[in-house]
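One structure is given below, encoded as structure tokens.
2 protein chains.
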Amino acid sequence: MTPSPAFRRSEPDARRLSLIEACARVLAREGIAGASVRTIAVEAGVSAGLVGHYFPGVDALIAATYAHTGARVDAALAAAMAKAGDEPHARLEAFVTASFAAPIADPELLATWIAFWSLVRARPEIAALHDEQYGGFRGQLEHLLADCGLPAAQLRATAIAITALVDGLWLELCLSPHELAADEAAAIARDALARLTWKAPAAG
Amino acid sequence: MTPSPAFRRSEPDARRLSLIEACARVLAREGIAGASVRTIAVEAGVSAGLVGHYFPGVDALIAATYAHTGARVDAALAAAMAKAGDEPHARLEAFVTASFAAPIADPELLATWIAFWSLVRARPEIAALHDEQYGGFRGQLEHLLADCGLPAAQLRATAIAITALVDGLWLELCLSPHELAADEAAAIARDALARLTWKAPAAG
DNA sequence: ATCCTTATTGGACGTTCGTACAACAAGTGC
DNA sequence: GCACTTGTTGTACGAACGTCCAATAAGGAT
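Following this line, the structure appears as structure tokens:
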């Protein structure tokens with residue numbers, strides 16, 4: 004009979020990915036405080052030593068997990084926009100409301116995201132990733148707003164406001180899922196988007 | 004000559020408070036991962052063992068720090084509202100924009116706040132504090148909105164949107180202070196508040 | 001079948017963690 | 001000046017931490 008192997012070799016890229024996904028799950032479940040090399044390794048079903056084989060340190064694994072998660076979000080947003088067609092307003096609304104539908108509105112993903120936020124101040128490499136992610140998001144938003152005819156002078160402030168709204172709704176969606184559901188968050192975002200992108204009222 | 008004392012006794016309440024404040028500073032500087040008993044004790048200028056004398060464990064100290072920080076925010080908001088007088092719209096605007104002025108717009112306070120957010124999912128007692136804090140904030144907001152004549156049917160959604168906006172702006176203020184300044188955040192919040200509280204547009 | 005590459009394991013290392021506790025000493029009442 | 005309370009220190013302990021590395025073995029190549 005064939006002796007059952009004690010472990011199975013993986014393609015380096017596949018193993019790398021499985022470690023990243025395990026790291027994301029641990030971050031979502033236990034937060035940054037519980038994301039130790041051993042915990043992540045157990046979650047991935049491998050030995051602790053293997054983490055060192057694929058990443059120079061646990062910090063690098065966490066940073067890679069951030070980058071991977073960010074790419075997932077970007078891809079989901081791009082897909083939602085592509086699905087919305089060519090009409091600028093439809094694309095803008097799709098871009099914003101996609102944050103409150105699968106696969107982005109996943110509590111696990113949001114919890115992972117919050118764990119990253121908590122690292123930005125203390126870890127410069129995480130801060131760099133954040134600036135890149137946030138800048139990309141706001142840049143796309145400004146472009147979409149311009150396509151919708153928003154005056155150039157209002158692009159920055161409006162994009163910041165919408166980004167803040169989305170992030171804030173993410174927060175509550177994740178921290179108090181019993182208080183706020185994804186579909187309600189989507190409705191709130193849709194309404195707020197319409198109000199924030201209307202012609203400026205006469206100053207009073 | 005008088006021998007200089009090796010240490011100074013403090014009133015229990017004063018020492019307790021100094022430990023809480025030291026904990027907040029550590030959370031702001033290093034995040035939750037760096038908030039160990041020893042680090043906090045050094046920050047407070049006492050020995051590590053003293054923490055155990057005042058709190059049953061480091062988790063309790065962190066929870067107490069959350070409660071204390073929340074009370075500080077509440078007090079600052081109440082003060083800003085009181086200063087605004089009796090006119091409902093002025094009170095509402097003061098309540099919202101106070102989040103972007105001293106003492107709330109302090110990067111240290113915001114960093115501490117983010118550290119708490121990262122704990123909500125993993126620690127039930129922190130989740131309870133969060134629900135209380137968030138509920139209180141939104142409750143006050145709904146009350147102010149009602150005073151401003153907003154229809155009852157829109158109170159909840161509008162309060163959630165404004166809270167999300169404030170939280171999202173806090174986030175960016177703290178994570179990318181070089182990208183977003185407090186006064187710009189205040190201006191964005193003021194404008195968004197006006198737009199979000201206007202009469203609903205005709206659908207279409 | 002044998003060799004070779006290298007993914008993978010498991011244990012060792014020094015450090016830091018949270019907690020407990022006996023000893024010490026500061027301040028108060030007498 | 002003495003006793004007493006208790007805030008405070010320092011240390012000790014086991015557990016968990018990140019990292020390193022020699023030994024092992026899986027799977028493809030020949």
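As they're listed, the protein sequences go chains F and C. In case it helps, my numbering puts the first sequence at residues 4 to 207. In case it helps, my numbering puts the second sequence at residues 4 to 207. Glycine included, every Cβ here is placed at the ideal spot set by N, Cα and C.
- Taking a contact as a CB-CB distance under 8 Å, the pair L148/C and A162/C counts as one, their CB atoms being some 6 Å apart.
- Listed in chain order, the positions of the segment 120-146 of chain F with a beta carbon within less than 7 Å of a beta carbon of chain C are W120, S121, L122, V123, R124, A125, H133, D134, Y137.
- Residue range 15-33 is occupied by the alpha helix (DSSP H) that includes P15/C.
- The three-state secondary structure of W201/F, taken from DSSP, is coil.
- Contacts with chain C at 9 Å (Cβ-Cβ) do not include L148/F.
- Collapsing the DSSP output to three states places I129/C in a helix.
- Each residue's CA atom was taken as its position, placing A67/F and L112/F some 15 Å apart.
- At least one beta carbon of chain C lies nearer than 9 Å to the beta carbon of S179/F.
- Bounds of the alpha helix (DSSP H) holding C177/F are 155-178.
- Chain C has no Cβ within less than 9 Å of the Cβ of D109/F.
- Between P91/C and G152/C, the CB-CB gap stays under 9 Å.
- Any Cβ of chain F closer than 9 Å to the Cβ of I117/C would place that residue at the interface, and such an atom is present.
- Residue nearest to D62/F within the set V45/F, G142/F, I117/F, V40/F is V40/F (criterion: CA-CA distance).
- The segment 9-25 of chain F makes contact with the segment 44-59 of chain F, as at least three CB pairs between them are under 8 Å.
- Runs of alpha helix (DSSP H) with 4 or more residues, each lying fully within the segment 35-84 of chain F, are found at 40-47, 52-57, listed in chain order.
- Annotation: E128/F to F58/F spans about 15 Å, alpha carbon to alpha carbon.
- Secondary structure note for F98/F: its alpha helix (DSSP H) is the uninterrupted segment 91-100.
- DSSP places I117/F in the helix class (H, G or I) of the three-state scheme.
- Here H133/F has V123 as same chain residues with Cβ atoms under 6 Å from its own Cβ, once five neighbours each way along the sequence are excluded.
- Under the 9 Å criterion on CB atoms, D186/C is classed as non-interfacial with respect to chain F.
- For F103/C, the CB contacts under 8 Å within the same chain, skipping 5 residues up- and downstream, are L172, L176, A185, D186, A188, A189, A192 in chain order.
- In this structure, the straight-line span from the alpha carbon of E135/C to that of R94/F is close to 37 Å.
- In chain order, A125 make up the part of chain F whose C-beta sits under 8 Å from the C-beta of E33/C.
- Taking a C-beta distance under 9 Å as the contact criterion, L196/F and V76/F do not qualify as a contact pair.
- Using a Cβ-Cβ cut-off of 7 Å, T166/C is close to G171 of chain F, given in chain order.
- Using beta-carbon distances, G37/F counts as an interface residue toward chain C, with a partner under 9 Å.
- When 9 Å is used as the limit between beta carbons, L95/C is near no residue of chain F, the shortest such separation being about 15 Å.
- Put simply, of G73/C, R141/C, A31/C, H71/C the residue whose alpha carbon is nearest the alpha carbon of L168/C is R141/C.
- Burial is judged here by how many other beta carbons sit within 10 angstroms of a residue's own beta carbon; A9/C has fewer than 16 and is exposed.
- It is roughly 15 Å from the alpha-carbon of H181/C to the alpha-carbon of A114/C.
- For A101/F, same chain residues with a beta-carbon under 7 Å away, outside a window of 5 residues either side, are A79, L80, A83, I107 in chain order.
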